[in-house]
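Here the structure is laid out as structure tokens; the discussion comes afterwards.
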Amino acid sequence: MKQVSTYRKNKIQQAGLILFLLLVSLLAPIRVEAEEGTLNFYVTPEFSENQKSGNDRYFQLTLPPDATEKLTLKLQNANAEAKKIKITPHTAYT
1418 MKQVSTYRKN KIQQAGLILF LLLVSLLAPI RVEAEEGTLN FYVTPEFSEN QKSGNDRYFQ
1478 LTLPPDATEK LTLKLQNANA EAKKIKITPH TAYT
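First residue of the sequence shown: 1418, per the working numbering; consecutive thereafter.
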């Protein structure tokens, strides 16, 4: 009989802990805001004739093996403040 009461006491403590954590998470929400004025520029790819049709958001080229092609981007500043932008290419995988 003592084991049953200990088991029940542990379950009640676990339920109480879960309710407490739930209550704390609801009462203390985390407020997240983006810093204003951080990305005031636009990048648009300039596609060549090797670009696959139907894709206007990223480069997807049809080239023979070992072929190379120069890719260009158009950068537009959205405000009058001068910016220094570093462009780093990455390979996408699916």
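Using N, Cα and C, we set each Cβ at its ideal position, and we do this for glycine too.
Next on the checklist: One question on the structure: do Gly-1489 and Glu-1463 come within less than 7 angstroms of each other, judged by their Cβ atoms?
Outcome noted: Just to set this straight, residue 1489 is Thr in the shown sequence, not Gly. Contact check for Thr-1489 against Glu-1463 passes: the beta carbons are separated by less than 7 angstroms.
Item to check | Reference Ala-1509, options Leu-1436, Gln-1477, Gln-1430, closest by Cα | outcome: Nearest option by C-alpha distance: Gln-1477.
Item to check | C-beta contact flag for Val-1460 and Leu-1492 at 7 angstroms | outcome: Yes.
Checklist entry - Just to confirm, are Ala-1499 and Phe-1458 a CB contact at a threshold of 7 angstroms? => result It is not a contact, given that the beta carbons lie outside the stated cut-off.
Checklist entry - Taking the C-alpha atoms as reference points, what is the distance between Glu-1466 and Leu-1456? => result A direct Cα-Cα distance of roughly 30 angstroms separates Glu-1466 from Leu-1456.
Next on the checklist: Measuring straight from C-alpha to C-alpha, what distance separates Lys-1428 and Leu-1440?
Outcome noted: Across the structure, Lys-1428 and Leu-1440 are spaced so that their CA atoms are roughly 18 angstroms apart.
Checklist entry - In angstroms, rounded to a whole number, what distance separates the CA positions of Ala-1497 and Ser-1442? => result Their backbone Cα atoms lie some 43 angstroms apart in a straight line.
Checklist entry - Does the Cβ-Cβ distance between Lys-1469 and Thr-1485 come in under 7 angstroms? => result No, Cβ-Cβ distance for Lys-1469 and Thr-1485 is not below 7 angstroms.
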